[in-house]
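Worksheet: one structure, shown below.
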Amino acid sequence: MTFKFFDKLSQDFSKLLSDKKEYNVVIEVDKERNKKSFTAHSVVLRYRSPYFDKELENAPMNKNHIKKIIKPNISAPLFEIILKYIYGGIINIEDTDTKTIYELMITANELELKELSRKLESYLIESKASWLRIQFSFVYHSIFDSHGFEGLKDFYNNIIVKYPNLIFESEDFTSLKETALIPILKRDDLNIEEIKIWDYVIKWGISQNPTLPADSKKWSKKNFEALKITLQRCLPLIRYFHISGEDILEKVKPYKKILEKQLWGDIIQHSISPNKSVTSLILQARIISNPELPSRTIPTHELPSRVNESLSTIINEEHVAELSSWIDRKSIIYSSSNIPYEFQLILRGSRDGFDPVTFWNMCHGHAGTIVVAKVTGTDETVGGYNPLTWDNLKSGWMKTNDSFIFSLKNRNIQNSVLSRVINSNGALFYSDSNEQNIYGPFFGSCEFMMKSEVSDFTQDKQCWCTITTLAKYEKPIRKTNDNFSIYDYEVTGTDETVGGYNPLTWDNLKSGWMKTNDSFIFSLKNRNIQNSVLSRVINSNGALFYSDSNEQNIYGPFFGSCEFMMKSEVSDFTQDKQCWCTITTLAKYEKPIRKTNDNFSIYDYEVFKIIKKQIPNCTIR
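Just so we're aligned: the sequence shown equals residues 1 to 621 in full-length UniProt numbering.
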């Protein structure tokens, strides 16, 4: 039998840090006024960190036989945590903000503390995915400058495959290191046309050579040679033989001098005689597909066509027609050719993050908006319409007669459910700034509410479409009171799409109840839900509630008495099931848009700005 006393060993070794007699190393960290020195023992540093083992070999020794190491790039607070880990093997991140945890990971990697670095990397991927998505550009650029972080690199490359514009259209794309660009170009499933990849590669290569003339027509042979050298590892990864002849002539030909003569000849031959063999290697075409939710059990050909694939991953054109008809209070649904509104995407959870604060920051100032969410584990789509302005400086009940909540029909739900506000004084609730990290959109008495106490709507089942006698909306949009998490804005793990329309301006400087007669909440029909549900505001004084600045890290859109409310207490609508579509007798809307009072988290959500189209003689058919 073996007895292990690691806890006591850790405690005793940690006491060495307070030993000011036997130390033989001084480590100076940070800069200027924050500069601080720590004492340590070379034998501990050598065996715990390969980095310090190498540094101590070359570190100068003073007359007292003390070696000094200087690390101005590491902050004193971070290094203190690192040093305690080196001695005691323990690190506590319970009350540590995510950015600090990320910096700890970077520092641990630099000091070759692989065990700690990998543990923190895994923690960020598993528990802080929403933060990683929000900080995409910052983190992606920094990790590819370092060895390791394979998990994070895979995490980000999988995002880039689906949404390549996140990197290619970013302001700092041209500052991307070649080591980061190459793995992207190698991907067979990069979801972008080949000619666009060519354009981005040329743009990147030119930016690495700032002395090149702006007009490529004035380039010398030396200029082309410089670009060719810069792109020598990128050019072989372009799928030239899958670019149209027109694009070859218009976009590739101007730079043919950076290509090998044999390759250029084969490209021209292939564009003229595609069935004739060529000498150059022909890479397979990339697998391009529209970004969708994870595959489900039905064939994709059975799914209804999306309205503007790049615009929404949750609702289709049929849903847009239905929602538009509800906004205009039409008894007959608009045909797809006569939809009077253009839906402009403001926010998507899977793209922008599931933290409730993200909702309040990105939707602030927007009026006339619809929130749709996918419920995790069902096939429901619920949402709400807020005619008012989302305002993260307001808090309390927002009054409107025009908000509504809904659930949308799908393959399992035959009819959409529309629930209009019936108590306009409680149409929406806007969280104050102290709660905007928990609550997102909040319709009525939680008849549709998105909430997360872990800042991620996908995680903790805090979203609700409550069935309550206090409902502010006409009827429930779910058949259950169960809380739920959101799969996407669009709602987590079901196929529910719920949302709300706010005709007012979202305003993060206002708080309290917003008044409107035109908001509504809804759930949209889908392959599981046959009919969409429209719930118009019936109490305009409580149509929407705008959270004040103290609650905007918790609450997102808030229609009525939680008849549709997005909330997260952990700053991520996808995490803690704090969203609601409450079924309540205090409802500000006509009816619930879900058939359950269960809280839920968001799988994804989107906020659209509704703009009236200029269509002469628009008729309903």
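We put the beta carbon where it would ideally sit given N, CA and C, even for glycine.
Residue j beta carbon less than 8 Å from that of residue i
i, j, result
"Met-398", "Phe-448", "no"
"Tyr-589", "Ala-427", "yes"
"Pro-557", "Gly-512", "no"
"Ile-538", "Phe-573", "no"
"Tyr-605", "Met-566", "yes"
"Glu-560", "Phe-443", "Per the sequence shown, residue 560 should be read as Gly rather than Glu. Cβ distance < 8 Å, so Gly-560 and Phe-443 count as in contact."
"Ile-258", "Leu-237", "no"
"Gln-462", "Gln-578", "yes"
"Pro-441", "Gly-384", "yes"
"Thr-369", "Asp-518", "no"
"Leu-120", "Ile-101", "yes"
"Val-421", "Arg-536", "yes"
"Thr-468", "Thr-585", "yes"
"Pro-387", "Asn-502", "yes"
"Glu-28", "Ile-70", "yes"
"Ile-192", "Phe-241", "no"
"Ser-130", "Ser-431", "no"
"Trp-219", "Thr-174", "no"
"Tyr-51", "Leu-111", "yes"
"Val-372", "Ile-315", "yes"
"Val-320", "Ile-339", "yes"
"Gln-262", "Ser-280", "yes"
Residues that DSSP places opposite residue i in a beta bridge
i, result
"Leu-323", "In DSSP, Leu-323 forms no bridge with anything."
"Thr-2", "Thr-2 is not bridged to any residue."
"Ile-287", "DSSP output for Ile-287 lists no bridge partner at all."
"Leu-152", "Leu-152 is not bridged to any residue."
"Glu-606", "Arg-348 and Val-372"
"Met-398", "Leu-428"
"Tyr-589", "Val-421 and Val-537"
"Tyr-439", "Lys-451 and Lys-567"
"Lys-31", "Note: Lys-31 sits in no beta bridge, so no partner."
"Cys-581", "Phe-448 and Cys-465"
"Trp-390", "Trp-506 and Asp-507"
"Ala-40", "Val-25"
"Glu-121", "In the DSSP output, where bridge partners are listed per residue, Glu-121 has none listed."
"Phe-600", "Phe-484 and Cys-579"
"Ile-611", "Glu-342"
"Asn-361", "In DSSP, Asn-361 forms no bridge with anything."
"Gly-353", "DSSP lists no partner for Gly-353."
"Ala-367", "Thr-505"
Selection from the options that minimises the alpha carbon distance to residue i
i, options, result
"Thr-505", "Lys-203, Glu-551 and Trp-360", "Trp-360"
"Asn-437", "Val-570, Glu-171, Trp-580 and Phe-5", "Val-570"
"Leu-544", "Phe-6, Thr-516, Ile-82 and Leu-534", "Thr-516"
"Lys-374", "Ile-69, Tyr-102 and Cys-581", "Cys-581"
"Phe-38", "Ser-549, Tyr-23, Val-278 and Tyr-385", "Tyr-23"
"His-65", "Tyr-51, Ala-40 and Leu-83", "Ala-40"
"Lys-217", "Lys-256, Ile-583, Ser-523 and Asn-425", "Lys-256"
"Ile-195", "Phe-155, Gly-245 and Lys-221", "Gly-245"
"Ser-350", "Asn-338, Ser-312 and Met-450", "Ser-312"
"Glu-322", "Ile-248, Asn-415 and Gln-284", "Asn-415"
"Asp-548", "Lys-114, Ser-271, Gly-396 and Ser-277", "Gly-396"
"Ala-89", "Tyr-546, Lys-177, Asp-482 and Leu-45", "It should be pointed out that residue 89 corresponds to Gly in this sequence rather than to Ala. The residue with the shortest Cα to Cα distance from Gly-89 is Leu-45."
"Leu-470", "Phe-457, Ser-445, Met-450 and Tyr-439", "Ser-445"
"Ser-18", "Asp-30, Lys-54, Ser-75 and Glu-80", "Glu-80"
"Lys-63", "His-147, Asp-30 and Val-25", "Val-25"
"Asn-34", "Ser-49, Ala-76, Phe-522 and Lys-4", "Ala-76"
"Ser-117", "His-147, Arg-133 and Thr-279", "His-147"
"Asp-30", "Ile-229, Asn-423, Ile-288 and Asn-73", "Asn-73"
"Ile-202", "Thr-211, Lys-177 and Leu-235", "Leu-235"
"Asp-247", "Leu-231, Ile-229, Ile-197 and Glu-225", "Ile-197"
C-beta neighbour in chain D for residue i, strict 8 Å
i, result
"Asn-158", "In the structure shown, chain D cannot be found, because there is only a single protein chain."
Contact test: residue i Cβ vs the ligand FAD heavy atom, cutoff 7 Å
i, result
"Glu-447", "Ligands are entirely absent from the displayed structure, and the ligand FAD is therefore not among its contents."
I'd like to know if the region 363-374 and the region 388-399 are in contact, where contact means that at least 3 CB-CB pairs between them fall below 8 Å. yes
What are the start and end residues of each continuous alpha helix (DSSP H) run of 4 or more residues lying completely inside the region 216-268, in chain order? 221-230
Kindly provide the ranges of any beta strand (DSSP E) runs that are 3 or more residues long and lie completely inside the region 534-565, ordered along the chain. 544-546, 548-552 and 555-559
Taking 8 Å as the threshold, find out whether the region 322-329 comes into contact with the region 585-605 through three or more Cβ pairs. no
Contact between the region 160-171 and the region 181-196 (3+ Cβ pairs under 8 Å): yes
The region 125-143 touching the region 151-162, judged by at least three CB pairs closer than 8 Å: yes
Every unbroken alpha helix (DSSP H) inside the region 42-108 [4 residues or more]: 42-48, 50-58 and 76-88
Kindly provide the ranges of any beta strand (DSSP E) runs that are 3 or more residues long and lie completely inside the region 458-518, ordered along the chain. 463-465, 477-480, 486-488, 493-507 and 512-514
For the pair the region 477-491 and the region 348-357, tell me if three or more CB-CB distances fall below 8 Å. yes
Those runs of the alpha helix (DSSP H) which lie wholly inside the region 164-214 and span at least 4 residues: 165-168, 178-186 and 194-207
At least 3 beta-carbon pairs within less than 8 Å: the region 58-76 vs the region 4-12: no
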